[in-house]
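One structure is given below, encoded as structure tokens.
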Amino acid sequence: MAGIDSLILSDGTTSINLMDGVNYALRTEGWAPQIAQRNHDSIGGRGQYDDVTESLLIDIFGATLAAMLAAEVAISRLLDQATRFANGDTTVSPVTIAITMTGSAALSAMVLGGSLARPANFADRTVVNEIEGATLTIDRRGQWLAAAEAAINTTATAGQVWSIAMSNHAEPSPITLDWSIPVTTVVDGYQFYTQLLVLSNSINNILVVEGESLASGAGIYTSGAVANARGGNTLVFSPTLADTRYYTDSVAPPAGLSSSPGDWAVFASGQGLSTSWTIQSQLLITLNTAQVIQTPLQPWPNTPPSYSGGSGNHALLLGVVSIPSDDAISNIALGMMSNSAGANKAVVDYLVFARLGPDTHVITFDQYLDISPGFGNVAGMVERIDPRPLSALTPVAQIGRSDGTKRTAIGHQGDLMITQRGTTLAGIWVAANGPRLGTGGYSGGAYRVVSQAGVLHTATFSAVRRKGYQVPQ
Amino acid sequence: MSKYTLHIYESDTGGQLLNVPASYCESLSLAWDMHGSADLTASLAVPRRTAYALYDRPATPRVTVAYCGSPIWAGRLEKPKITTGRLDIIAGGYWRAIDDRPYTALWSTQSLDQFYILDSSISSTYVPDMYNMSQDAGLLFSLKKNAVYPSGSAIAAFYITTPAGMSRTTIKRYLGTYSAKLPVGWTLDVQGQTAASDTTPFGPSIPSATIHAGTGLVVSSTFDVSPAGTVNTLLFRLYNNSGAPYTNTTEDGNFYVRITSVRVQGTASAQVRLSDIAADVAANLPDQIAGTASIWSTSFDQYEALYEDQRMADTLADMADKEQYQIGINLQRRMFLWPIGTFAQDWSIEAEDLAIERDLNQVYNANYATYQNTAGRILRTTRTTNAAAVLRWGITRQGVLETDMQNSTAAATLAAAELAESINPQPRTRIPVSRVMTKQGQTAPWHAIRPGDNVTIRSLPATVATADRVRTFQPARVQLDLERGSAPALSLETSTPLPAIDLILAQVAGGRIFI
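These protein sequences, in sequence, are chains U and B. Residue numbers for the first sequence follow our numbering, so the first one is 1 and each next one is one higher. Residue numbers for the second sequence follow our numbering, so the first one is 1001 and each next one is one higher.
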């Protein structure tokens, strides 16, 4: 068929080209390829496009009746296998369908099931070893995906916005992202507290405000110098009274915020310094029209008792604010409240503003609730988010070796179906060292990740993209 | 735009169940009420083997819903249901954990029903038959004519004892008023006992506190004692303490003691407050409550706060409601208590539809409270009328708040709070919302509204003169329904009044207002 060179069903071992001309042929006017539609899901985990169902009319034939039937059975078995896999049977491999347009590379989509129906003239046509006009129905993922591109790397410390330049591609494309974590030479290792990863398709969608810029200089909010804190200082909250809300100084918004209308999620990286009392925070944004947008008070997580070493760093979602297109922001401030008065109740190192959109992804790795494996005397440890669009039904977050061995899934919150669009993948990693796992571990780096030597860890972020297509090209 | 994701954990502090990824979730309905996260239902397309693994967990799983990778709802898995190819779950917010165990504690009581006459079967030192004793109008003792009372024995006593198995406190304070006319040499005192009243003989005594020594004259006074030691039983005793037998030659009732307004507290504090009780419940009861977040001091003195085997969630909620406080459990499983509206945000909504019903029979624009004197007689506070509400409705409907209090001030305070709520009737409505905005009109996330926030309906007729007042209300419950392939559906349920909204709608229907 002019324009389409091949259409291959495969599980990696068995491959069937439905256009091979030996056992299979796609009938003229036998297929109207479906175009996936952007879904309306408000529940995450399945990407941006709906699954589709293809219906094809094919001929199946062979040199002998047995060869014809074997060709038919091969399709049927692959469809059955795809259905089993989609039903959660991990003892079988996933099945994909790959299409190759003339002059282009193959594009693939995972098959979720399907059926093969014999035509009414089945019995009559078997005398010539042919099934003429069988109906093949295939349920598949909506997007066609190209082969994985070569990994592109960049480096950044925690709290630093990074970006990776990519060749331009207009459609959202799944990304597998690795980032390296420090190695310790002691077997007891360490673990992170909450990590936050923000990814977007523009560095302008990720903005940072230093916590200390909100300090008034004395009294309730002061600036405190902390080794390896972002900017070298933090905002320290020392309320005079319990259960009283105090506001920081108002400061100018980060450059680019007031000129970027839209919905922005705002996170605070810091910690409440106790296992017992409760700190709550909110964000206030004042518009040029003197109107104030407040987010509800959010409680900082307390350090769970199972952790040693006192408090822990968290990335707290202060809220989502909508920046108007016909107004501008004059300043921002924080409101905080503690149910216990006194010095050093909470510390904020920095704020992250993330502009929300289909290609902005926010994921937390919440070791407040999920203690991940410790990091020991192993080189090349990475964390990974893998949408696994062709190999699994669900995306996964993992930790393990960069060579792919000894990986294990880790707990997370948020949508792991991460994508990139355009020419840039930008991100920020909000993370700090957590407590040691044993007496030999280390727990420095209160607000940003440091190496065992106490040096700020420079992580390598490595992105592998599969270009996504609604329409095969 | 961001998406909502469902996550399930082994337990409150356990790891995530990674075999139930967010992508399995087909539909999700989550709600918040005044107590924090309320209820959640979800339907997951889960392989049957995974479903059974979740069904048969060794601990109670924790369920969260995240937005931007951060939890916005948290609770516990209460009811997993397995069907073909599907797992349906029902989860409840941690406020429900308050009811996991019953609560028994004496904080304060003025009830004479809690007092008993100590008879000889418990201790032969006590001979109530030699006295006239009753609890009809306070604790009343009087001497009988011609009775011979040995010194130091043949004691008369009323006692009150703490509930068995009480989780917190002993008797820390008692106070009251008495009127007495006793012969010289007679003593009214109060003695504490460590042991409960049903233990014989009683355990070590706490040194007694003399309330009154007889003079032969009528004396009225008060007492307020904070006993030292561990007091589980309190005895109000009357006895001959003269050192010699005493024969009463006067008529029955000539010599007497009447104790009224008696109050026994499990705390030495001047007041028994909801904030203290709530903090104690959080600290002593449920496994899943991690402590307190912010407990703001309440001011209302809880005169009757004696709990025996009580499930406290509704009790605490009612007490908070009466004081116009909000009590609940936050996402960190910590209890909060603060005045309603303290942290309320302002939102605007576009309502898809309005179907509101209000019943005149729920309107009360005047009221009073009933309370009791120490004799158990029902008394009534001064009737209070809200003139503006009477003018507005054109009729006066008077409500009654029945209390079992013995304090008229406290009863009147409650009545005033009740009146403030009832001058406008409770509309029964659930408002589907098509858009959530900040007060300034900027789009906000669907889940941004919390119960108790101030929500203004923008799509009511603009020709209504008092539109701003009419259109703003405080939802008592917020429910967000999510389903794959569909836009989110948000609905708000009201509790506090939407003043005159039905009247306006009726006017619209009647053609008096043109829209």
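Heads up, the beta-carbon is just placed ideally off N, CA and C, and yes, glycines get one too. It should be emphasised that the depicted structure is a prediction, and the values quoted were computed from it without experimental measurement.
A contact between stretches requires three or more CB pairs, one per stretch, nearer than 8 angstroms, and the stretch 1187-1196 of chain B fails this requirement with the stretch 1275-1294 of chain B. In this chain, the alpha helix (DSSP H) harbouring M68/U covers 65-86. Counting only runs of 3 or more residues that sit fully inside the stretch 403-467 of chain U, the beta strand (DSSP E) segments are 419-430, 433-436, 458-465, in chain order. Nearest to A150/U by alpha-carbon distance, out of S163/U, R141/U, T90/U, L177/U, is L177/U. Out of G1394/B, A1154/B, G1036/B, Q1372/B, the CA that lies nearest to the CA of Q1110/B is found in Q1372/B. Taking all protein chains shown into account, R1383/B has fewer than 16 neighbouring C-beta atoms within 10 Å of its C-beta and is therefore exposed.
Note that the C-beta distance between G1185/B and N1240/B is below 8 angstroms.
For P387/U, the three-state secondary structure derived from DSSP is coil. Counting only runs of 3+ residues, the beta strand (DSSP E) found wholly inside the stretch 1316-1388 of chain B occupies 1325-1329, 1334-1339, 1346-1351, 1366-1372, 1378-1380, in chain order. Ranked by how close their Cα comes to the Cα of Q1324/B, the residues V1127/B, S1299/B, E1308/B have S1299/B in first place. Under the DSSP assignment, F1158/B falls in the beta strand (DSSP E) whose first and last residues are 1156-1161. For a Cβ distance threshold of 7 angstroms, residue set S276 of chain U lies close to G1291/B, ordered along the chain. Note that the C-beta distance between F267/U and L316/U is below 8 angstroms.
For P296/U, the C-beta contacts it makes with chain B under 7 angstroms involve F1343, Q1345, R1450, in order along the chain. Interface criterion not met: the Cβ of A1283/B is under 8 angstroms from no Cβ in chain U. By the criterion of a C-beta distance shorter than 8 angstroms, S93/U is surrounded in its chain by D11, G12, T13, Q81, F85, once the five residues flanking it on both sides are discounted. Listed in chain order, the positions of the stretch 82-103 of chain U with a beta carbon within less than 7 angstroms of a beta carbon of chain B are N87, G88. Contacts between V362/U and chain B, judged by CB atoms closer than 7 angstroms, involve S1002, C1068, G1069 in chain order. By the rule that beta-carbons nearer than 8 angstroms mark a contact, T248/U does not touch chain B. Taking all protein chains shown into account, V471/U has fewer than 16 neighbouring C-beta atoms within 10 Å of its C-beta and is therefore exposed.
Measuring C-alpha to C-alpha distances from S1023/B to each of P1183/B, L1006/B, M1034/B, G1015/B identifies L1006/B as the nearest.
DSSP places Y469/U within a strand segment (E or B) once states are collapsed to three.
In this structure, L1235/B is the residue among S1002/B, L1235/B, I1090/B with its C-alpha nearest to the C-alpha of Y1116/B. In the assembly as shown, L1480/B is a buried residue. Its beta-carbon has 16 or more other beta-carbons within 10 Å. Here A1213/B carries a strand assignment [DSSP, helix/strand/coil].
N39, H40, D41, S42, I43, G44, G45, R46: these are the residues of the stretch 29-46 of chain U whose beta carbon lies less than 7 angstroms from some beta carbon of chain B, given in chain order. For P1061/B, there are no C-beta contacts with chain U under 9 angstroms, since the nearest C-beta of that chain is about 11 angstroms from it. Among the residues of chain B, none has a CB under 9 angstroms from the CB of P172/U; the nearest is roughly 12 angstroms distant. Against A1487/B, the close residues of chain U are H40, S42, in the order they occur along the chain (beta-carbon pairs closer than 9 angstroms). For N1146/B, no beta strand (DSSP E) segment is defined, and its DSSP state is neither H nor E.
For Q1016/B, the neighbours in chain U by C-beta distance under 9 angstroms run, in chain order, D366, L369, D370, A409, I410, G411, H412, Q413. Not a single C-beta of chain B is nearer than 8 angstroms to the C-beta of L145/U.
When the alpha-carbon of D326/U is set against those of I1423/B, G1441/B, V1436/B, the nearest one is in G1441/B. Residue state for H1447/B is assigned as helix, using DSSP reduced to three classes.
Pairing Q143/U with R388/U, the inter-Cα distance amounts to about 13 angstroms. By the beta-carbon neighbour count (other beta carbons within 10 angstroms, threshold 16), T184/U is buried.
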